[in-house]
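S.K.: Here you go, one structure.
Protein chains in written order, with the numbering used here: chain A, 63 to 508; chain B, 63 to 508.
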């Protein structure tokens, strides 16, 4: 609380806090100076948390959101992938349960001719994370140094790594602060966090998958649409073609939840099979990646091309190549038994006849976390083997005593609570529920 | 940002932050736990600053404000003055320019039979502080230990000291944080800060002087009235008779601004003289102190009694007694020349004929600060000798070349800027301005 707290040339943190508190629009300079000073450690957490709360409650204009994204992006390095001739396109999801699309999309878009420099996160709360899924593959390295990341990209057109220290350090510091100060829930801050990291990947275009429903961060379609529009406009303002699909996360995506299980299901899709909903979403997202990457003239053409590459096994071969290049055991593709296996399993049986009306997605995700498949706190380690396989999805018929799901577990003390949550998550009705679209809405940049 | 940041039994700071962020009403337990944890240092500044910003933007209910006041009060000691039979009544002003009423009121109410345990503050920004004025008296001690404070009270019925470490430590910590996080400007937080310290004085009743106008913290009457009502309700909820007067601070109070000069003018009033506006306000405030202290049946009676005690010289004698008991030189009462004297003086002359239409109060206060008579930062020391004497007030006629004010200064490098500010502060019009009431409004508790 010394004076140094609010110094640095003509910029004073206290003035920026007050301006936002009073509903003013901050200039690019003010936002840039605040983020630079915080990243350097020359303004304290307590000033930034007050500012963050003012942003949560006062909001930001589109210009402020882009300026914040830009300031966070420029707090670190931007990958220079200009040496790679192909268009660089990434996909980002706001997070859900059973969402293993990244594992399918990176090799699928790469084999079509797009370069996919994918930097992903870990699971937190009830949602899974791509890095945790990849690490279920024995030997797979997600922490490649940037030159090695670039080499894998050059060789096979896709690479999947974790956040590096060089990329958007402001976001890491801000996110840690937001997490403990009740300032996570702001579309402006969420947008800047996501977009600053994605723009640092040196991409030409971005496809966003904004989830909505009981398993999503944005529970309502309205909130999801707002965030989607904000991210698309921010991406376009930063000169990148950006598209957002708003997709359903009211029940888990696909049938398998849990890290090793999700690798198995992703491989099924890459082999041309897999559950319909997962396959459909992969084709939709891949089509947009191919279209924005200049490979397909239309989205419809991109979808056809993607379906062909799944059917031919070419996408799967590219996945195999990437796994090998990143140190993983490609044997898991041919024999899922070489993935970590849970020691025990137990079925969840239906207590009555009827139709599955709902599978409360956050509860299913939390059941997987309780088994050890996710983390309640950042420091927690993850058990790759555990998880849940759903035998029924929303709309399916079920008879009394028939299995709804199978739980794969290693710790007997945890299975009971997981079972209870799964039973609670599942609503059964006498008549079939109204059908829900998987793809709810598209937001397309200019 | 560790987990310890949000632990402690069933109370989690993050939950309290989120609840206030979302516009919820906090319970007495939640507010109490937050303030207790912060005072003990078991939750960090960055969580409390986020919560403070949420309070600034979401507001508080009357119940929350009283709970916050109570929690801050209970962070430290409450003086036990039950050994003194007389009613204990204090007066608090929200701060202004030339406001030396406390120096008059403490001995005046004391000689009438009320006990006045007055704990005051220092000047900050453009406003003066009672402690700085008292310290202009050679030898006067404002930092009496509590037993000595009690002894002075018992002997002469009034004593005037500075904040002690034992009283409301939560307020000291919170105020320092609010000062650097843009969270000062909230009537709820201002109310809790003022009332927690006043309630800790062990008083039976409180008279509040809420200033409004260009020299006040609350520029608008509406904001002043809101704060006044909030403080009165909070005081009454805590079982103390509380009254607020909303009074004009659109021009300085009295004619003298500066620490030693204000002692001179207070002594003038105590001697039965002094400028009309200052004398009127002292009588109004004293009347309420006497009425709430059970000395006068009505406020009108209290005013008559107070006027008598000024005319008879009894109030001045009580002031002399208090000055002596607190180590000060009572000679200053008989010979103002024994107060610190500035080496130089300079007149501010009117550039035209007309009526004084305004004396922008914040500018006049700032001129005094520039001369060295106030502090821009808490660490600054104060020059007791410097200041300004106004020869004209709003509504007075002035001819071209006639003096509006005299500046008393010690540093030639500062006088020019002070002179310029005084000239700017003074608006002269051809016709007399409409008259303004000094007492704008009263808020009386149940």
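All C-beta atoms, glycine included, are put in the ideal place defined by N, C-alpha and C.
Quick one: residues in its chain with C-beta nearer than 6 Å to the C-beta of residue 354/A, no 5 flanking neighbours on either side, listed in chain order?
M.R.: Closer than 6 Å at Cβ, skipping near neighbours: 151, 267, 303.
S.K.: Contact criterion: CB-CB distance below 8 Å. Does residue 285/A meet it with respect to chain B?
M.R.: Taking Cβ atoms only, chain B never reaches closer than 8 Å to residue 285/A, which makes this a no.
S.K.: Are at least three pairs of beta-carbons, each pair with one atom in the region 182-196 of chain B and one in the region 221-228 of chain B, less than 8 Å apart?
M.R.: With the cut-off at 8 Å, the region 182-196 of chain B and the region 221-228 of chain B touch.
S.K.: Excluding sequence positions up to five away, which residues of its chain have a Cβ less than 8 Å from the Cβ of residue 432/B?
M.R.: Excluding positions up to five away in sequence, the list reads 476, 479, 480, 483.
S.K.: Do you know offhand how far residue 208/B's Cα is from residue 276/A's?
M.R.: Going from the Cα of residue 208/B to the Cα of residue 276/A covers about 60 Å.
S.K.: Under 8 Å, Cβ to Cβ, is there at least one residue of chain B near residue 99/A?
M.R.: Output row for residue 99/A: interface = no.
S.K.: Looking at C-alpha atoms only, which residue of 110/B, 148/B, 158/B, 142/B is the closest neighbour of residue 324/B?
M.R.: Checking every option, the nearest Cα to that of residue 324/B belongs to 158/B.
S.K.: Assuming residue 489/B is part of the beta strand (DSSP E), what are its boundary residues?
M.R.: 488-491 is the span of the beta strand (DSSP E), which, as asked, contains residue 489/B.
S.K.: Quick check: residue 242/B and residue 408/A, are their CB atoms within less than 8 Å of each other?
M.R.: Result no, Cβ atoms of residue 242/B and residue 408/A do not sit closer than 8 Å.
S.K.: Apart from the five residues just before and just after residue 214/B, which ones in its own chain have a Cβ nearer than 6 Å to its Cβ?
M.R.: 221, 387, listed in sequence order.
S.K.: Where residue 102/A and residue 315/A are concerned, what is the direct C-alpha to C-alpha distance, given to the nearest angstrom?
M.R.: C-alpha separation (whole angstroms): 41 Å.
S.K.: So what's residue 120/A in DSSP terms, helix, strand or just coil?
M.R.: In the structure shown, residue 120/A sits in a helix (DSSP, three-state: H, G or I).
S.K.: I'd like the span of the alpha helix (DSSP H) that includes residue 195/B, first residue to last.
M.R.: It spans 192-196 - the alpha helix (DSSP H) in which residue 195/B sits, taken as one unbroken run.
S.K.: Going by the beta-carbon positions, is the gap between residue 173/A and residue 504/A smaller than 8 Å?
M.R.: Contact: no.
S.K.: Using 8 Å for Cβ pairs, my map puts residue 490/A next to residue 416/A. What's the rounded Cβ distance?
M.R.: About 4 Å separates the two Cβ atoms, so the contact holds.
S.K.: Under a CB-based cut-off of 8 Å, is residue 108/B close to chain A?
M.R.: Yes, residue 108/B counts as interfacial toward chain A.
S.K.: What would DSSP say about residue 328/A, mapped onto helix, strand or coil?
M.R.: If DSSP states are grouped into helix, strand and coil, residue 328/A belongs with the helices.
S.K.: Tell me whether residue 82/A sits in a helix, a strand or coil according to DSSP, three-state version.
M.R.: If DSSP states are grouped into helix, strand and coil, residue 82/A belongs with the helices.
S.K.: Would a C-beta distance cut-off of 8 Å place residue 211/B and residue 390/B closer than the cut-off?
M.R.: Taking 8 Å as the Cβ cut-off, residue 211/B and residue 390/B do not qualify as a contacting pair.
S.K.: Hey, quick one: how far does the beta strand (DSSP E) through residue 408/B stretch, first residue to last?
M.R.: Residues 406-411.
S.K.: Evaluate the contact criterion for the region 109-124 of chain B versus the region 116-134 of chain A: three or more CB pairs, one atom per stretch, below 8 Å.
M.R.: At 8 Å Cβ cutoff, the stretches touch.
S.K.: Could you name each continuous beta strand (DSSP E) segment of 3 residues or more that falls completely within the region 453-479 of chain A, going from the start of the chain to the end?
M.R.: The qualifying runs are 465-471.
S.K.: Taking only the alpha-carbon atoms, compute the straight-line gap between residue 395/B and residue 333/B and give it to the nearest angstrom.
M.R.: When rounded, the distance between both Cα atoms is 10 Å.
S.K.: Could you check if residue 367/B is buried or exposed, using at least 16 other CB atoms within 10 Å of its CB as the buried criterion?
M.R.: It is buried - the Cβ of residue 367/B has at least 16 other Cβ atoms within 10 Å.
S.K.: Using 8 Å as the threshold, is the C-beta distance between residue 319/B and residue 449/B below it?
M.R.: The answer is yes: Cβ separation under 8 Å.
S.K.: Is there at least one Cβ from chain B nearer than 8 Å to residue 80/A's Cβ?
M.R.: For residue 80/A, the answer is yes, since a Cβ of chain B falls inside 8 Å of its Cβ.
S.K.: Identify each residue in the region 232-243 of chain A for which the Cβ-Cβ distance to at least one residue of chain B is less than 8 Å, and report them in chain order.
M.R.: Going along the region 232-243 of chain A in chain order, one finds 238, 239, 241, 242, 243 with a Cβ nearer than 8 Å to chain B.
S.K.: Compare the C-alpha of residue 72/B against each of 83/B, 240/B, 92/B and name the closest.
M.R.: With distances taken between Cα atoms, residue 72/B lies closest to 92/B.
S.K.: Secondary structure at residue 94/A, three-state DSSP: helix, strand or coil?
M.R.: Here residue 94/A sits in helix by DSSP.
S.K.: Take residue 501/A and list the residues in its own chain whose beta-carbon comes closer than 7 Å to its own, dropping the five residues that flank it on each side.
M.R.: Around residue 501/A: 307, 309, 346.
S.K.: Given that residue 184/A touches chain B, what residues does it touch there, using C-beta distances under 7 Å?
M.R.: Correct list: empty, because the minimum Cβ distance to chain B is about 18 Å.
S.K.: Chain B beta carbons: is any one of them nearer than 8 Å to that of residue 111/A?
M.R.: It does: the Cβ of residue 111/A has a partner Cβ on chain B nearer than 8 Å.
S.K.: CA-CA distance, residue 430/A and residue 124/A?
M.R.: Approximately 38 Å between the Cα atoms of the pair.
S.K.: Residue 257/B: which of 130/B, 362/B, 412/B sits nearest, CA to CA?
M.R.: Here the closest residue by C-alpha is 130/B.
S.K.: Any idea if residue 162/B is buried or exposed, counting beta-carbon neighbours within 10 angstroms, 16 or more meaning buried?
M.R.: So residue 162/B ends up on the buried side.
S.K.: Between residue 96/A and residue 112/A, which are expected to be in contact by the criterion C-beta below 8 Å, what is the C-beta distance as a whole number of angstroms?
M.R.: That pair is no contact at about 12 Å.
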